[in-house]
Amino acid sequence: MSTPAFTDVGLPTQPAVVFLHGVGGGRHGWAAQQAHVAALGWRSLAWDMPGYGDSPMVTPYDFAHLAQALWQMLDAAHTDQAVLVGHSMGAMVALQAWTQKPERIRGLLLAASSPAFGNSDGDFQKQFLAQRLAPLEAGKTMADIADKLIPTMAAPGGDAAQTIPAHLQPAHQSMSGVPPATYRAALHALVQFEQRAALPTLTVPVLCLAAEHDRTAPPTVMERMAQKIPGARYACLAGAGHLLHYEQPEAFNAELEKFLKDVKP
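What the sequence shown shows, in UniProt numbering, is residues 1 to 265, in sequence order.
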């Protein structure tokens with residue numbers, strides 16, 4: 001297994017934060033967060049999940065292998081322990097990682113995510129997959145998909161025009177660049193995810209960060225998740241949707257900064 005590509009900001013002697021993106025993301029989407037934690041004295045790594053950007057694919061494409069790729073990246077960066085900050089599918093990778101090597105995790109910020117997708121044979125899962133994959137089957141490009149999907153994932157805006165607002169351009173760019181084969185593989189992995197049993201086992205500081213207008217991982221789902229984790233904190237970003245760190249970078253960074261104070265260096 002080859003090491004995933006990652007952006008490394010800071011010094012090897014500093015405590016580390018690792019940023020894990022979602023299905024339509026990439027390592028460049030965390031630039032505002034990497035700059036912020038650098039100013040606080042933390043080193044940060046933001047990866048391209050396997051199959052994304054410059055990272056090689058893993059086979060089979062499942063959460064167990066994605067988490068293994070995470071350890072490989074940490075080994076390559078000579079980092080024994082890190083705080084994991086995951087968005088959406090990235091938070092699921094973080095939870096999976098906890099079940100493998102909890103001693104390497106110092107804290108978990110789980111943003112806009114859930115501890116399970118449910119039974120992969122369920123009607124909701126089949127419908128979700130069919131809906132998300134239909135544009136590819138119809139010959140659309142990932143950029144076409146991003147055009148339609150990005151505005152629906154963000155908080156409702158005042159402008160109904162088709163143009164993507166400036167603050168969502170990086171999210172659009174990331175999604176447009178995802179190889180179709182990777183997108184398919186990631187969605188198939190997503191509907192298999194189930195880690196509800198891991199929640200009561202978490203013994204590190206945890207922040208479950210929701211967004212007011214998130215229809216993908218609604219605040220109620222995230223609040224329930226926080227309640228099942230011993231000592232976890234729950235927070236919700238007002239006025240944000242599923243793409244919260246793109247939509248409200250300052251508010252996201254403020255919550256991240258507060259959380260890092262809970263994690264002893």
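Positions of the beta carbon are idealized from the N, C-alpha and C atoms, including for glycine.
Buried or exposed (CB count within 10 angstroms, at least 16 for buried), residue i
i: G158; result: At G158, the pLDDT of 48 sits below 50, so the modelled position is not reliable and the matter cannot be decided from this model.
i: A67; result: buried
i: A112; result: buried
i: A217; result: buried
i: V17; result: buried
i: A160; result: Caution applies to A160, whose pLDDT of 49 falls short of 50 and renders its modelled position unreliable; the model cannot decide the point.
i: Q131; result: exposed
i: P60; result: exposed
i: T182; result: buried
i: H167; result: exposed
Span of the beta strand (DSSP E), counted from its first residue to its last, around residue i
i: I105; result: I105 to A111
Start and end residues, alpha helix (DSSP H) containing residue i
i: A16; result: It is not in any alpha helix (DSSP H) - A16 instead sits in the beta strand (DSSP E) that spans A16 to L20.
i: V23; result: Where V23 is concerned, there is no enclosing alpha helix (DSSP H), given that its DSSP letter is neither H nor E.
i: T152; result: M142 to M153
i: F6; result: Counting along the chain, F6 falls outside any alpha helix (DSSP H), though it belongs to the beta strand (DSSP E) covering F6 to V9.
i: P249; result: P249 to D262
i: F128; result: D123 to E137
i: S174; result: Q169 to S176
Rounded distance between the beta-carbons of residue j and residue i, thought under 8 angstroms
i: V154; j: E247; result: Note on residue identity: the sequence assigns Ala, not Val, to residue 154. Going by Cβ atoms, the distance from A154 to E247 rounds to 6 angstroms, so yes, they are a contact pair.
i: R104; j: D123; result: Not quite, the Cβ-Cβ distance comes to about 38 angstroms (not below 8 angstroms), so this is no contact.
i: W42; j: L260; result: 7 angstroms
i: T7; j: A46; result: 5 angstroms
query: Which ranges does the alpha helix (DSSP H) cover as unbroken runs of at least 4 residues, wholly within the stretch 181-239, from first to last along the chain?
result: 219-227
task: Would you mind listing the alpha helix (DSSP H) stretches within the stretch 26-111 that are 4+ residues and don't spill past its ends, in chain order?
output: 31-39, 63-76 and 89-100
query: Quick one: any contact between the stretch 179-195 and the stretch 208-223, if contact means 3 or more CB pairs under 8 angstroms?
result: no
query: Are the stretch 163-182 and the stretch 203-218 touching by the rule of at least three beta carbon pairs closer than 8 angstroms?
result: no
query: Do the stretch 226-233 and the stretch 145-152 touch if we need at least three Cβ pairs shorter than 8 angstroms?
result: no
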